[in-house]
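>
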Amino acid sequence: MKFLVILALAVALTEGLVTSDVAPEGFVINGANGTHTPHHVLVEFFNAQQLGFFGGGSIITSTHILTSAQCVHG
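According to mature numbering (1 follows the signal peptide of the UniProt record, and there is no 0), the stretch in the sequence shown is residues -16 to -1, 1 to 58, in order.
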C-alpha cells in the first residue's frame, strides 16, 4: 500500500515538470514553405503473404511523387 501512495505522489509531483514549450518551427532546419499540392498519395503493398502501409506523398509531376525517407526505408 505504501508503494502505491509513493507512486501516486511521484506521478502527481512530476506531472508539472512535463512541458510543451518547444516551438514546432524549430524542428525543420533550413526548410522552405512549399506550394500547395492538390493531390495526395497513399502507398500500400499487397501480396499473398503480407499487407503493408509504406507512407504518403504528394504528386509533383506525372512521373514523380514526393514522400519521406521513412516511407521507403521503414
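All C-beta atoms in this analysis are idealised placements derived from N, C-alpha and C, irrespective of residue type, glycine included.
Bear in mind that the values here come from a model prediction, so they are computed numbers and not experimental data.
#1: Skipping 5 residues on each side, what residues in its chain have a beta carbon closer than 7 Å to that of Ser52?
#2: For Gln54, I'd like the list of residues in its chain whose CB is within less than 6 Å of its CB, leaving aside the five on either flank, ordered along the chain.
#3: Taking DSSP's pairing of strands, which residues face Thr45 in a bridge?
#4: Using C-beta distances below 8 Å, list every residue in its chain close to Thr45, excluding the 5 sequence neighbours before and after it, in chain order.
To lay it out plainly:
#1: Its chain contains Gly39 as the residues whose beta carbon lies nearer than 7 Å to that of Ser52, once the 5 sequence neighbours on both sides are disregarded; these appear in chain order.
#2: For Gln54, where only same-chain residues beyond five positions count, there are no Cβ hits under 6 Å.
#3: For Thr45, which the question treats as bridged, DSSP gives the partners His48.
#4: A distance below 8 Å between beta-carbons, with the five flanking residues on each side excluded, links Thr45 to no residue of its chain.
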